[in-house]
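Numbering (our numbering), first residue to last: 18 to 189.
Given below as structure tokens:
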């Protein structure tokens with residue numbers, strides 16, 4: 018009988034140890050820096066300060082306005098690719114106006130947040146997952162995930178050319 022108890026105890030310890038293992042989900046849920054060191058993404062390099070030829074030609078400062086030395090990552094990317102930042106900004110405004118041509122809900126963020134909270138409450142995990150505060154995010158949203166290979170097949174059957182997708186033989 019003592020041997021059976023030792024075996025059961027050892028088995029229970031192995032099961033408990035196996036339960037401590039990682040789930041393999043990507044660790045993308047923590048968007049805030051939890052380390053005590055510096056955050057390399059919070060420091061933005063600015064352009065060097067220049068002395069203008071004529072100080073009278075400087076615009077009047079506006080609180081919250083744009084500074085000439087402030088970084089402009091979108092404009093820099095457009096310039097690096099050989100484009101015109103002014104034209105790109107105008108085009109993005111055109112896209113926004115086209116997308117909102119049938120109207121825009123002013124409280125869309127609040128509406129989406131409340132609907133998402135309701136969905137997460139309906140899919141908040143089993144009893145022990147709630148008791149031990151286990152993250153069930155990936156399992157809750159799995160039905161909404163897109164199966165990329167099934168979608169690729171659907172597009173190919175519809176006759177849509179997919180030149181950037183891998184050949185069919187590679188993933189079969």
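Yeah, the Cβ is synthetic: ideal placement off N, Cα and C, and Gly gets one too. Predicted model only: the values in this text are computed from it and were never measured.
- About 6 Å separates the Cβ atoms of residue 179 and residue 169, confirming a contact at the 8 Å cut-off.
- A Cβ-Cβ distance of about 6 Å is found for the pair residue 137 and residue 157, placing them in contact under the 8 Å criterion.
- Residue 103 sits in a helix when the DSSP states are folded into three classes.
- For residue 158, no alpha helix (DSSP H) segment is defined, and its DSSP state is neither H nor E.
- When rounded, the separation of the alpha-carbon atoms in residue 153 and residue 141 is 7 Å.
- With contacts defined as CB atoms closer than 8 Å, residue 63 and residue 86 qualify as a contacting pair.
- In this structure, the straight-line span from the alpha carbon of residue 165 to that of residue 172 is close to 10 Å.
- Shown here, residue 98 sits in coil according to DSSP, grouped into three states, outside any helix or strand.
- DSSP, reduced to helix, strand and coil, places residue 19 within a helical segment of the structure shown.
- In the DSSP assignment, residue 171 falls within the alpha helix (DSSP H) that extends over 165-174.
- In the three-state DSSP reduction, residue 32 falls in the helix class (H, G or I).
- The residue among 89, 120, 143 with its C-alpha nearest the C-alpha of residue 105 is 89.
- Within the same chain, no residue comes within 8 Å of residue 144 by CB-CB distance, once the 5 residues on both sides are set aside.
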